[in-house]
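Oh and the sequence shown: position 52 is 791 in our numbering, straight run, nothing missing. Just below is one structure, and these are the notes that go with it.
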Amino acid sequence: MVRKIIHTYLFHPMPDRVQEHFRSWILDKEHAREKESVLREEWDRLDPAEVFTVDERSYRRKLGRLHREMHVAPKARLITLSRRAAAVAAAVVVLLMGVEFFVVKHLAADSTTWLVTAENSKGRFTLPDGSTVWLNADSRLAYRADFAENGHRRVRLDGEAFFDVKRDTLAPFEVTMDELQVRVLGTRFMASHIDDFGIEEVTLQSGSVEVEHLHSQERIRLVPDQNCTFDASTGLTTVRNVVADNYCSWTGDSIVFDNMTLGEIAVNLEHWYNIRIRIESDVDPSVRISFTLRPETLDETLRIIENLTHYHCLQIDKHHISIRK
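Printed below as a string of structure tokens:
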């Protein structure tokens, strides 16, 4: 019966109410060993051609990430059945159904906790030191069991996150990406590392941060309303003055654009929807418009901008938008 329930859920469309019942049932301790076994079998045999139609490159990238997230520690198999069943269930559900976010925790000597958000969701988490982190869509944050020990608080970011770091002068807070590392004592800032864009950036809202390029060892200290960006295509690191709130507004439930320029709105939308917007040369970025952004889809928001500006918003691909006459 357990196998039949899981197979029915994984391979057939289900309404939201049924999905919620399934998540509660799969995490219940009853028949935990059998549930775990079936989920592990299905996870190991997942095939994008047989399960559902997606972009294969995107599918395999996600699958690889989730495999890494589920096997961070060599002793990961030592975790308890209930926790492991929850981790496997969450991984399968995230991959197939798009659950909002989940935590995968490996209870081993070298354990690592991963905070993960799905493609169309955000998550708010509290770290062991009391710091708060907001993860944007399709993002991952990892920290080890000894996170707050040895005089350092270290996390690794893949995606985009906003940090409200609890001040501790004896234990610097460090965020590592591929090329950049951010070091702070206590402050509020946004960090972003998205493979599809080839860009890593840090934007400071309050306090101060030190940004280090891991290969060149170049160190840059930012003050509030400054942005540091590393472009992998050119190898250049730039610092510029910005309005930090435009980069961090995605953490809220809505944004009010009150007589704001199209250029400023574009920055907000880039982080709200996890996209990049190019304003073409025939468009005036200083045009001011007003509207309120709630959980509208990207397409709905682009239509609003078109109606208010009479410019055309063209979606080039999943992550790139062009605004033109």
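Every residue, glycine too, gets a C-beta built ideally from N, C-alpha and C. Predicted model, so just to flag it, every value in this text is computed and none were measured.
Item	Value
Report the CB separation of Ala857 from Asp885 in whole angstroms; it is logged as a contact under 8 Å.	Wrong, their Cβ atoms sit about 28 Å apart, outside the cutoff.
Does the Cβ of Thr1119 have 16 or more other Cβ atoms within 10 Å, making it buried, or fewer, making it exposed?	Here the chain has residues from 740 to 1064 only, and residue 1119 is not among them.
Can you find the residues in the same chain that come closer than 8 Å, C-beta to C-beta, to Val948, ignoring five residues on each side of it along the sequence?	Val921, Arg922, Val923, Thr926, Phe928, Val941, Arg960 and Leu961
With a cut-off of 8 Å on the beta carbons, I'd call Thr1000 and Ser1029 a contact; round off their distance for me.	About 11 Å separates the two Cβ atoms, so there is no contact after all.
According to DSSP, simplified to helix, strand and coil, what is Ala900?	strand
Which whole-angstrom value is the C-beta distance of Val894 and Ala881, which I expect to be below 8 Å?	7 Å
Identify every run of the alpha helix (DSSP H) within the segment 969-1025, keeping only runs that are complete inside it and at least 4 residues long; order them along the chain.	983-987 and 1001-1012
Our contact map puts Arg1017 next to Ser945 with C-beta atoms below 8 Å; I'd like the distance itself, whole angstroms only.	Rounded, the Cβ-Cβ distance is 30 Å, inconsistent with contact.
To which residues of the same chain is Glu769 closer than 7 Å at the C-beta, ignoring the five residues directly before and after it?	none
Going straight from the alpha carbon of His891 to that of Val995, what length do you get?	38 Å
Cβ of His1010 within 8 Å of Cβ of Asn875?	yes
Once DSSP output is grouped into helix, strand and coil, what is the label at Lys1064?	coil
With 16 as the cutoff for other CB atoms within 10 Å, does Ile1014 come out buried or exposed?	buried
Using the beta-carbon count (16 or more within 10 Å), is Arg1063 buried or exposed?	exposed
Going by C-alpha distance, which of Glu913, Glu1003, Arg1027 and His1051 is nearest Asp1021?	His1051
If you drop the 5 nearest sequence neighbours on each side, which residues of the same chain put their C-beta closer than 6 Å to that of Cys987?	Phe901, Met929 and Gln944
Contact criterion: CB-CB distance below 8 Å. Does Ile1018 meet it with respect to chain C?	Structure shown: chain C not included; a single protein chain is present.
Can you tell me where the beta strand (DSSP E) with Arg863 in it begins and where it stops?	Gly862 to Thr865
Anyone know if the C-beta pair for Cys967 and Val978 falls short of 8 Å?	yes
Does the distance from the C-beta atom of Ser993 to that of Leu1041 stay below 8 Å?	no
Please classify Ile1004: is it buried, with 16 or more other beta-carbons within 10 angstroms of its beta-carbon, or exposed?	buried
Alpha carbon to alpha carbon, how far is Glu939 from Val777?	39 Å
Can you tell me which of the three DSSP states Ala884 falls into?	coil
Helix, strand or coil for Asp1038, going by three-state DSSP, please let me know.	helix
Based on the DSSP secondary-structure assignment, which residues constitute the bridge partners of His1051?	Arg1063
Any idea what DSSP makes of Asn889, helix, strand or coil?	coil
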